Amino acid sequence: FPGVVPRTFVELPKGAGLLHYSSMKSYLACHKNNKVYSNLTYIKPWQVLQHQNEPKHIEETLGALLVSVLASPIILAMSLLHLPKDYSLFTVRLVLGCILLSTLRFFRLQIRNKFGRQVEAFFVILVAFQFHMLFYCTRPLPNILALGLVNLAYGHWLKGNFYAALKCLIFATIVFRCDMLLLLCPLGLELLLTKSISFWKALKCCIGTALFCIGLTVLVDTIMWRKLLWPEFEVFWFNSVLNRSSEWGTHPFHWYFTSALPRSLLAAYPLFMLGVLLDRRVLFYTLPVFSFVLLYSKLPHKEVRFIISSVPIFNLAAAIAASRVYNNRRKSFWKLLYVVVLGLLVVSLGCTIITFMASFENYPSGYALKDLHRMGPVTNNTNEQWVHIDPFSAMNGISRFCENDFPWRYSKEEGIPLEEFSQRNFTYLLNEHSNINGFKCLFTANGFSRARFQIGFPPVLMVKEPKVFIHGNIRNKDVMFGSWPGCL
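Here our numbering is used: the first residue of the sequence shown is 1051, the next is one more, and so on.
If you want it as structure tokens, here you go:
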């Protein structure tokens, strides 16, 4: 880094898309089995009705419809070639990642037009050195589908197409994530106060777009789910009105600012605050987004993905600060800041590599189920092999794409006491408990436990421990007489 010259940064954006795509694809290749919030988001549209028996499914169809239509030609070819289902999962997530990167590219091009190629180059570097943004780009979540529209909104905002930006945020709010309202309102208020938009024209635009979006999502989801349905209204009612999202865990008010954003932004976190001080234009763009995170902090249940939409703007502010420091790096005071910026970038890269390695080992259930398919049943019987997947296993690597055809059958029934499993007809269990009456522990799947630093190479080791235990029913011949690795 110390020897780079301005021209290096001017030319970097030519390969920016390839850099982000390569990083995203590497995350996808190593984390294709990671569990997502809703299996529904990436299933084929004709499978939606089959998913009504899926526990805690999210009744949203439009996002799944868009992604599956784009991926269906490749998936059809794979099915004709009888390729494993996880190839379809890889394809769908790759398509989703390309959609997100195309919207991020639109935002990046507007950064170039507004702030210049050097700021654009630093934006590219900051995104590439962050784990969460590119990792989440391939995760089929409503938040990520909304992020694509938010990226478009940010791009139109920089471009001066304020009404187009509002339309994108309204669509994201009504169809994908109702909490985008917390971003829409501060942004709309700022545009009104700065007289960037007309109140009556904005009101007309917003009402028309909202009615269209409500009609579209209600029509499609009502047909697919066979009941009158507006998915995001139900989410809003559950999370905000009933405040039942707290049942999934809570964090203190400051958690987004003291944990989520520092981990997501890394070097960009201190740099975006520096950008606010160095360039008065930055405040105009960061204030609505900062307000979004602040308002969201009132909700007790918090996750990184909830505020992932704030990351692009904070990266922009950080890129502006880094560019200013770079331009003045030969001056005495700025030289120190320049060294600090380089150090922050190196630390970001190191943290991203460590997080990448840890995340690779963080979804053991998918590997456990794959090994079970490979090792059993060993006899040529035609009996159904029922596999029960407990909530822990379901959240740590197993999706519908991991399932095989006959004789395998799967259950995700929740709330079964451990002592009751011996009375049920399950052949195998994927469970977080090591001992279950009536079942024999066949083998284990290890997962990430902690990172351990050491002197030498590699400087960081990923410590793993048994996370998922695969049990077999002792009444089954394959279980009792098969060759299994066993559990220590």
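Glycine included, each C-beta is placed from N, C-alpha and C at the ideal position. This one's a predicted model, so the numbers in the text were calculated from it and none came from an experiment.
- Starting from R1330, follow the alpha helix (DSSP H) in both directions and report where the run begins and ends. R1330 to Y1346
- Message: Starting from H1521, trace the alpha helix (DSSP H) in both directions and tell me its first and last residue.
- Response: First-last for H1521: V1510 to N1523, but that is the beta strand (DSSP E), not the alpha helix (DSSP H).
- Message: Helix, strand or coil, according to DSSP, for C1491 in the structure here?
- Response: strand
- Query: For the region 1412 to 1422 against the region 1517 to 1535, are there 3 or more C-beta pairs whose distance is under 8 Å?
  - Reply: Contact between the region 1412 to 1422 and the region 1517 to 1535 is present, with at least three C-beta pairs closer than 8 Å.
- Task: May I ask you to list the residues that DSSP assigns as paired with G1497?
- Result: Paired residues: E1515.
- Query: Can you round the beta-carbon distance between P1236 and F1342 to whole angstroms, since I take them to be within the 8 Å contact cut?
  - Reply: Right, their Cβ atoms sit about 6 Å apart.
- Message: Assess contact between the region 1321 to 1337 and the region 1365 to 1372, defined as three or more Cβ pairs (one per stretch) separated by less than 8 Å. Is contact present?
- Response: yes
- Message: Please report the distance separating the alpha-carbon of K1348 from that of P1362.
- Response: About 22 Å.
- Message: Rounded to the nearest angstrom, what separates V1054 and S1409 at their Cα positions?
- Response: The pLDDT assigned to V1054 is 36, lower than 50, so where the model puts this residue is not dependable, and the model offers no usable value.
- Query: Using 8 Å as the threshold, is the region 1296 to 1311 in touch with the region 1185 to 1205, meaning 3 or more CB pairs across them?
  - Reply: No: fewer than three Cβ pairs fall under 8 Å.
- Item | Sub-7 Å separation of C1187 and L1202 beta-carbons | no
- Apart from the five residues on each side of it in sequence, which residues of its chain come closer than 8 Å, Cβ to Cβ, to L1399? F1179
- Query: How would you label F1221, buried or exposed, when you count the other beta carbons within 10 angstroms and need 16 or more for buried?
  - Reply: Counting Cβ neighbours within 10 Å, F1221 comes out buried, since at least 16 surround it.
- Query: My guess is that V1354 and A1310 are in contact by the Cβ rule of under 8 Å, so how many angstroms apart are they, rounded?
  - Reply: 5 Å
- Task: Find out if the Cβ-Cβ distance for the pair P1457, E1434 is shorter than 7 Å.
- Result: Yes, the pair counts as a contact, with Cβ atoms nearer than the cut-off.
- Item | With 16 other Cβ atoms within 10 Å as the buried cut-off, status of S1359 | Residue burial is scored here from C-beta neighbours: S1359 has at least 16 other C-beta atoms within 10 angstroms and is therefore classed as buried.
- Message: Can you tell me where the beta strand (DSSP E) holding L1479 begins and where it ends?
- Response: L1479 -> beta strand (DSSP E) spans Y1478 to N1481.
- Task: Tell me where the beta strand (DSSP E) around Y1460 begins and ends.
- Result: W1458 to S1461
- Query: Smallest Cα separation from F1493: which of F1383, R1459 and S1533?
  - Reply: S1533
- Task: Could you name each continuous alpha helix (DSSP H) segment of 4 residues or more that falls completely within the region 1264 to 1314, going from the start of the chain to the end?
- Result: 1281 to 1286
- What is the C-beta distance between L1479 and H1521, in whole angstroms, given that I count them as a contact (C-beta under 8 Å)? Contact annotation, L1479 with H1521: C-beta distance approximately 4 Å; criterion of less than 8 Å satisfied.
- Query: Between which two residues does the alpha helix (DSSP H) harbouring H1438 extend?
  - Reply: Where H1438 is concerned, there is no enclosing alpha helix (DSSP H), although the beta strand (DSSP E) it sits in stretches over Q1435 to I1439.
- Where does S1484 land, buried or exposed, given buried means 16+ other C-beta within 10 angstroms? Exposed, since its Cβ has fewer than 16 Cβ neighbours within 10 Å.
- Cβ-Cβ separation, I1175 to Y1213 (assumed contact under 8 Å), whole Å: So it is not a contact: roughly 32 Å between Cβ atoms.
- Query: Based on the DSSP secondary-structure assignment, which residues constitute the bridge partners of F1503?
  - Reply: V1510
- What are the boundary residues of the alpha helix (DSSP H) that includes T1153? K1135 to F1165
- Please work out which residues of its chain come closer than 7 Å, Cβ to Cβ, to M1512, disregarding the five sequence neighbours upstream and downstream, and give them in chain order. M1407, A1408, E1411, F1498 and A1501
- Message: Can you give me the C-alpha to C-alpha distance between R1155 and P1281, rounded to a whole angstrom?
- Response: 29 Å
- Task: Just the C-alpha distance for R1374 and D1271, rounded to the nearest angstrom, thanks.
- Result: The alpha-carbon separation between R1374 and D1271 amounts to approximately 49 Å.
- Task: Figure out for me which residue from V1291, P1427, I1357 and R1474 has the closest Cα to the Cα of M1183.
- Result: I1357
- Task: Consult DSSP for I1448 and reduce its assignment to one of helix, strand or coil.
- Result: coil
- Query: Mind checking Q1504: buried by the 16 CB within 10 Å criterion, or exposed?
  - Reply: exposed
- Skipping 5 residues on each side, what residues in its chain have a beta carbon closer than 7 Å to that of I1224? A1260, C1263, I1264, T1267 and E1282
- For L1349, does the three-state DSSP call read helix, strand or coil? coil
- Message: Beta-carbon within less than 7 Å of A1121's beta-carbon, same chain only, minus the 5 sequence neighbours each way: which residues are those?
- Response: Only T1141, V1142 and V1145 meet the Cβ criterion.
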